[in-house]
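Numbering (my numbering), first residue to last: 542 to 805.
Written out as structure tokens, the structure reads:
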């Protein structure tokens with residue numbers, strides 16, 4: 542009765558099922574690992590944001606590449622803004638998804654080194670080819686506090702670093718590029734300003750990174766494992782249905798044979 546399982550159709554169907562089972566198991570573990578990574582990442586961000594600010598030069602220096610463990614660490618620095626060499630970062634959005642600029646202002650420390658400070662977001666208030674109107678940075682010596690960030694790259698951000706932009710406009714924040722432009726020692730990475738706040742909330746301070754959402758990866762993992770368990774169950778259901786259909790066909794053939802008159 543089960544010899545039909547050796548037919549070409551059923552061999553192919555069985556092989557497909559045998560391939561799908563480990564594939565779905567592996568996809569489930571892949572989503573589980575993504576979930577675990579997201580949870581660990583959220584914990585690291587929460588820890589960094591909750592830590593007390595430390596002097597920026599304790600974590601970064603000229604040419605330093607900010608590590609993942611250093612991102613979002615709260616740092617502080619004392620110095621003065623160099624508004625003459627301020628630049629804007631194009632095509633940046635605020636919390637309402639409005640397109641504008643980020644304002645990147647060099648902050649000269651007491652020892653002469655420069656810390657790049659992202660003072661926040663401003664709307665695009667004119668042609669993209671013209672340097673926008675920017676609220677003035679505070680004058681005189683002040684202390685700033687913010688979140689330490691790594692230099693931006695096209696691979697990490699998905700933003701192409703276009704050439705030939707209007708004067709004092711950039712696509713990506715790079716301490717190396719700014720060091721070359723300024724002719725000074727620039728600390729690696731940059732800082733997203735959190736205090737002091739600008740009068741009238743302009744530029745708008747950049748909000749904290751999302752670190753409470755764990756994403757759908759655990760649900761996806763469970764889905765893949767449910768799909769996996771459904772493969773053998775579905776295979777058994779199909780086999781039983783095939784056996785039932787074959788038995789019914791055989792039962793219908795028997796009476797027809799018995800009712801045929803015997804030859805004299």
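Quick reminder that beta carbons are idealized off the backbone N, C-alpha and C, glycines included.
Per DSSP, residue 643 is one residue of the beta strand (DSSP E) stretching across 640-650. Closest option to residue 571, judged by alpha-carbon separation, among 790, 762, 634: 762. Between the alpha carbons of residue 581 and residue 601 lies a distance of about 23 Å.
At the C-beta level, residue 723 and residue 647 come within 8 Å of one another. Bounds of any alpha helix (DSSP H) do not take in residue 547, whose DSSP letter is neither H nor E. Taking all protein chains in view, the Cβ of residue 604 is surrounded by fewer than 16 other Cβ atoms within 10 Å, so the residue is classified as exposed. Three or more beta-carbon pairs separated by less than 8 Å link the stretch 647-666 to the stretch 727-737, which places the two stretches in contact. Under the DSSP assignment, residue 717 falls in the alpha helix (DSSP H) whose first and last residues are 716-723. Taking residue 766 as reference, the option from 736, 718, 776, 567 with the minimal CA-CA separation is 567. Pairing residue 628 with residue 726 gives a Cβ-Cβ distance that is not under 8 Å. Under the three-state reduction of DSSP output, residue 565 falls in the helix class. Distance from the CA of residue 756 to the CA of residue 577, rounded to the nearest whole angstrom, comes to 11 Å. Residue 771 has its alpha-carbon roughly 10 Å from the corresponding atom of residue 777.
If you look at residue 618, you'll find it in the beta strand (DSSP E) that goes 615-622. The alpha-carbon separation between residue 741 and residue 565 amounts to approximately 54 Å. DSSP places residue 771 in the helix class (H, G or I) of the three-state scheme. Per DSSP, the continuous alpha helix (DSSP H) segment holding residue 695 begins and ends at 695-698. The three-state reading of DSSP puts residue 759 in helix, counting H, G and I together.
Assignment of beta-bridge partners to residue 727 by DSSP yields 655. In the DSSP assignment, residue 689 falls within the beta strand (DSSP E) that extends over 683-690.
Here residue 705 carries a coil assignment [DSSP, helix/strand/coil]. Straight-line measurement puts the Cα of residue 696 at about 14 Å from the Cα of residue 703.
Using a 10 angstroms sphere on the CB of residue 642, the tally of other CB atoms reaches 16 or more, which defines it as buried.
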